[in-house]
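Here the sequence shown is numbered in UniProt numbering, starting from 2 and rising by one per residue. From the three backbone atoms N, C-alpha and C, an ideal C-beta is built for every residue, glycine too. Given the structure is predicted, the values throughout are model-derived calculations rather than measurements. Shown next, in structure tokens, is the structure this report addresses.
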Amino acid sequence: AVERTLSIVKPDAVAKNVIGEIVTRFEKAGLQVVAAKMIKLDDEKAGGFYAEHKERPFFKDLVSFMTSGPVVVQVLEGENAIAANRDLMGATNPKEAAAGTIRADFAESIDANAVHGSDSAASAEREIAYFFAADEICSR
Ligand code: CMP
Numbered sequence: 002a003v004e005r006t007l008s009i010v011k012p013d014a015v016a017k018n019v020i021g022e023i024v025t026r027f028e029k030a031g032l033q034v035v036a037a038k039m040i041k042l043d044d045e046k047a048g049g050f051y052a053e054h055k056e057r058p059f060f061k062d063l064v065s066f067m068t069s070g071p072v073v074v075q076v077l078e079g080e081n082a083i084a085a086n087r088d089l090m091g092a093t094n095p096k097e098a099a100a101g102t103i104r105a106d107f108a109e110s111i112d113a114n115a116v117h118g119s120d121s122a123a124s125a126e127r128e129i130a131y132f133f134a135a136d137e138i139c140s141r
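Here's what the structure looks like:
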């Protein structure tokens, strides 16, 4: 089925100037960018996004990293977009990410891991609404 998923190009990948290379991977895999913006997250916006991880030991470092520089948030649309994006990203820890995945090629560490992608249909719905109003999404 055609799905939508939320993608974030994280501060490390923006700083490395590989936004375009990452978006190209989405496009080459048949995913379409239907919404996009660059923003600098603050503690409240990043903390709210990752609210499910609030009690995890890495939460503070995660919020601190995600607010360290601008990010690019996008809605990707396409057949099985949620799983397709996760396949393109590779494992959360770049040391475990399969060769040729975005994290294997661009990520440095489990925090500076280049990209985020929604992990389920329910997360995708929540995460897309967290960053985009309905009229900011341009289905094609
Ligand atoms: P992301 O997909 O953005 O979702 C939560 C983030 O927390 C994850 O990517 C990692 O960058 C970060 N993180 C840091 N430590 C861990 C950990 N031990 N397990 C999972 N995620 C972690």
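Given this structure, state the Cα-to-Cα distance separating Ala123 from Val74, to the nearest angstrom. Going from the Cα of Ala123 to the Cα of Val74 covers about 18 angstroms.
Entirely within the UniProt domain "Nucleoside diphosphate kinase-like" (3 to 140) and at least 4 residues each: give me those alpha helix (DSSP H) ranges in chain order. 12 to 16, 20 to 29, 44 to 50, 60 to 67, 82 to 90, 103 to 107 and 122 to 132
Would you call the region 88 to 108 and the region 34 to 49 in contact, with 3 or more CB pairs under 8 angstroms? Segments in contact, no.
Less than 8 angstroms between the CB atoms is what I'm expecting for Phe107 and Ala14, so what's the real figure, rounded? About 6 angstroms separates the Cβ atoms of Phe107 and Ala14, confirming a contact at the 8 angstroms cut-off.
Residue of Asp112, Asn114 and Leu77 minimising C-alpha distance to Ala125: Leu77
Taking Phe27 as the reference, which of Pro71, Pro12, Ser8 and Glu53 has the closest Cα? Ser8
Can you round the beta-carbon distance between Ala113 and Arg104 to whole angstroms, since I take them to be within the 8 angstroms contact cut? With 8 angstroms as the limit, Ala113 and Arg104 do not qualify as a contact, their Cβ atoms being about 10 angstroms apart.
Using a Cβ-Cβ cutoff of less than 8 angstroms, which residues in the same chain neighbour Gly49 once the five nearest sequence positions on both sides are dropped? Cβ within range, chain order: Tyr131.
Between Thr68 and the ligand CMP, is there a pair consisting of the residue's CB and a ligand heavy atom that are separated by less than 8 angstroms? no
Through-space distance from Glu53 to Lys29, alpha-carbon basis: 32 angstroms
Check whether the Cβ of Glu78 sits closer than 8 angstroms to any heavy atom of the ligand NAP, and report yes or no. Here the bound small molecules are the ligand CMP; the ligand NAP is not part of this structure.
Length of the line joining the Cα atoms of Pro71 and Lys11: 8 angstroms
Answer yes or no: do Ala19 and Ala82 have a C-beta to C-beta separation smaller than 9 angstroms? Note that residue 19 is Val in the sequence shown, not Ala. Not a contact, by the Cβ cut-off of 9 angstroms.
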